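Per the UniProt record's numbering, the very first residue in the sequence shown carries number 1; after that it's consecutive.
The beta-carbon is built from N, C-alpha and C at its ideal position, and this holds for glycine as well.
The structure displayed is predicted, hence computed values, not measured ones.
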Amino acid sequence: MKKFALIWCSDNMLLEYRDYMLGQLSDGTGQWDVLSPADPNFAEQVKDYDGYVISGSEKSVVDDLDAPLTQRLFAFIRDVRATSAAPVVGICFGAQVLAAALDGRVGRNESGQFRLGVESLKWLSPSITQQWPEITDDITLVQSHGECVLKLPPDSVLLASSPSAAHEIFLAENRFLAIQGHPESDASWLRKMFMPFHRDAFDQTQWEAIEHESTQPVNREGILALIRRLLKDGHL
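Here it is, written out as structure tokens:
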């Protein structure tokens, strides 16, 4: 049986949400463990897994660049790249950590505004839906980010963009998959967790727009299926 690790990077997201995320990622055939990069022993604990998913976080790759948690994640990604064939998926903060560790660049959203809501993705090549049948043209994801990937890592492939992130999804070396949005989340979790946490960042007019978006369909199954395929096969 393959063994996978969810690298949980948040202090504030609900543990109920963490367990829900595990259920969304698993295809029912592997063992999943939850590891924390805040643990000083993280470097030893994270070894010898068949695949990894790095979660989102309230932390910032920009503001917390030199924090132990961020530096442990950078070291982990670079070690996997150098010594292992395991795939790594980064979601939101995890996508930004992947980009920075692989020599891309992360910064504030180009709009200057925190993005919260639901967005449609634009696939950069028609062949993507042919190469991976899981992918459809109508993918929509929950978004919750103040930062994004501004420059792709060398030799990575841009797969999709969104209104708030030009580099919404990219793939590096066929096994490092970065997704700015939250494919693990549906609209109910947007309303239950993300919106209460970020309420103070928006005025009433902005909030009404977010409330409207939270009622829109979230069509994420294709991205979840792509993640499961990567973890199962080890590459895309």
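Between which two residues does the beta strand (DSSP E) carrying residue 194 extend?
Taken as a continuous stretch (DSSP letters only), residue 194 belongs to no beta strand (DSSP E), as it is neither H nor E.
Anyone know if the C-beta pair for residue 184 and residue 228 falls short of 9 angstroms?
No, the Cβ-Cβ distance between residue 184 and residue 228 is not below 9 angstroms.
Cutting at 7 angstroms between CB atoms, please list the residues of its own chain near residue 39, excluding the five before and the five after it.
Here the set comprises 45.
Using CA atoms only, rank isn't needed, just tell me which of 77, 73, 205, 3 is closest to residue 59.
With distances taken between Cα atoms, residue 59 lies closest to 73.
Short check: CB of residue 234 to CB of residue 50, under 9 angstroms?
Yes; because the gap between Cβ atoms is below 9 angstroms, this pair is in contact.
With a Cβ-Cβ cutoff of 9 angstroms, do residue 99 and residue 90 count as a contact?
It is a contact, given that the beta carbons lie within the stated cut-off.
Please confirm if the segment 52-67 is in contact with the segment 78-96, defined as three or more CB-CB distances below 8 angstroms between the two stretches.
Yes: at least three Cβ pairs fall under 8 angstroms.
Taking the alpha helix (DSSP H) that residue 94 belongs to, which residues open and close that run?
Note, residue 94: alpha helix (DSSP H), 93-101.
Is residue 81 closer than 9 angstroms to residue 176 when the C-beta atoms are compared?
Yes. Within cutoff.
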